[in-house]
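Q:
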Amino acid sequence: MSQPSLVRPIWAARSSLRAVWVAAGESTEWIARRTDTLLVELGAALEISGWETPQHERWEGPLNALIGVVERHVTVGTFGNKEPESGYLFTVSGISQQIGLHVQVSAGSQSTGRRIPLHSLTVDLRELVSGGVTGPVGDTLCAAVAETWKPLTLSLSDPLVNRTARRGGWRIPVGYRTWVNAEVGTLNHLEEGLASFGLAAGTLISAPDDWSADRVVAAMTATLAANGLDEIPH
Numbered sequence: 001m002s003q004p005s006l007v008r009p010i011w012a013a014r015s016s017l018r019a020v021w022v023a024a025g026e027s028t029e030w031i032a033r034r035t036d037t038l039l040v041e042l043g044a045a046l047e048i049s050g051w052e053t054p055q056h057e058r059w060e061g062p063l064n065a066l067i068g069v070v071e072r073h074v075t076v077g078t079f080g081n082k083e084p085e086s087g088y089l090f091t092v093s094g095i096s097q098q099i100g101l102h103v104q105v106s107a108g109s110q111s112t113g114r115r116i117p118l119h120s121l122t123v124d125l126r127e128l129v130s131g132g133v134t135g136p137v138g139d140t141l142c143a144a145v146a147e148t149w150k151p152l153t154l155s156l157s158d159p160l161v162n163r164t165a166r167r168g169g170w171r172i173p174v175g176y177r178t179w180v181n182a183e184v185g186t187l188n189h190l191e192e193g194l195a196s197f198g199l200a201a202g203t204l205i206s207a208p209d210d211w212s213a214d215r216v217v218a219a220m221t222a223t224l225a226a227n228g229l230d231e232i233p234h
């Protein structure tokens with residue numbers, strides 16, 4: 001797990017988690033159940049009492065109500081027309097006294113994706129008060145997604161790490177936290193300064209929260225390469 005530190009994480013001001021899995025045609029019930037399980041977990045862990053879409057639809061009530069929220073967010077194409085074959089895309093947001101989360105789900109497409117994965121979960125993390133975002137908050141976020149959503153990979157990073165890494169498409173993303181499902185591969189070697197531990201069905205690698213983006217990217221990509229890992233199997 002990340003080392004306890006009094007240093008404010010470099011990524012605290014603006015960070016995001018992205019998780020990817022390989023699937024095709026997930027049902028609206030599957031999407032609603034997975035989303036609800038995650039939001040309940042995050043709400044309990046981070047003291048977020050409620051969630052709603054940008055259209056002010058509350059994420060609450062019985063399963064049928066949650067399925068209805070998903071169904072009202074069919075993916076929209078380039079020219080503004082709905083594309084049911086492309087699945088569903090929606091965002092739900094919640095806040096505590098210290099942080100705000102925006103959870104975006106892209107799922108249900110009939111295709112796994114060609115150049116890029118089409119099935120993903122993104123969580124944007126915003127600090128509302130100084131000190132609200134800490135290393136343990138990042139660990140909690142990673143654990144909740146890995147345990148409830150069961151993706152193939154996830155990473156917690158900030159814009160500078162993403163620009164430095166330039167690992168788009170199907171390449172395994174890297175960040176201050178990088179998690180790899182055992183289905184993708186095992187991690188037997190770590191670069192100096194990194195830490196790892198078993199989490200859900202995989203391994204979470206942590207970089208110190210005061211490292212620069214260049215150092216994080218170099219260490220994480222070297223670790224993946226040393227373990228023969230590069231792309232997400234698809």
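With this note's numbering, the residue at position 48 of the sequence shown is 48, and numbering never jumps.
Backbone N, C-alpha and C fix where the C-beta goes; we use that ideal spot for every residue, glycine too.
Since we're looking at a predicted model, the values are computed, not measured.
Using the Cα positions of Ser-157 and Leu-17, report the straight-line distance between them to the nearest angstrom.
A: 6 Å
Q: Provide the residue(s) that pair with Ile-205 in DSSP beta bridges, ordered along the chain.
A: Thr-178 and Ser-196
Q: In three-state DSSP terms, what is Thr-91?
A: strand
Q: With 16 as the cutoff for other CB atoms within 10 Å, does Pro-173 come out buried or exposed?
A: When all chains shown are included, Pro-173 counts as buried.
Q: What is the rounded straight-line gap between the Cα of Pro-4 and the Cα of Gly-135?
A: With a pLDDT of only 45 at Pro-4, under the threshold of 50, the placement of this residue in the model should not be trusted, and no figure is reported.
Q: In chain order, what residues of the same chain lie with their CB nearer than 8 Å to the CB of Ile-232, ignoring the 5 residues before and after it?
A: Val-20, Val-22, Pro-117, Leu-152, Thr-153, Trp-170, Arg-171, Ile-172 and Val-184
Q: Roughly how many whole angstroms lie between the Cα atoms of Glu-52 and Ala-226?
A: Rounded to whole angstroms, Glu-52 to Ala-226 spans 42 Å at the Cα level.
Q: Classify Val-123: buried if its beta carbon has 16 or more other beta carbons within 10 angstroms, exposed otherwise.
A: buried
Q: Tell me, please, whether the segment 37-52 touches the segment 64-76 by the rule of three or more beta-carbon pairs shorter than 8 Å.
A: At 8 Å Cβ cutoff, the stretches do not touch.
Q: Could you tell me how far apart the beta carbons of Thr-223 and Ala-165 are, in whole angstroms, since I believe they sit closer than 8 Å?
A: About 13 Å separates the two Cβ atoms, so there is no contact after all.
Q: Going by alpha carbons, who is nearest to Leu-121 out of Ser-155, Gly-100 and Gln-110?
A: Relative to the Cα of Leu-121, the nearest Cα in the group Ser-155, Gly-100 and Gln-110 belongs to Ser-155.
Q: Is the segment 30-47 in contact with the segment 79-99, if contact means three or more CB pairs nearer than 8 Å?
A: yes
Q: In terms of residues, what are the limits of the alpha helix (DSSP H) holding Ile-67?
A: 63-71
Q: Under the three-state reduction of DSSP, which class applies to Ser-86: helix, strand or coil?
A: In the structure shown, Ser-86 falls within a helical segment according to DSSP collapsed to helix, strand and coil.
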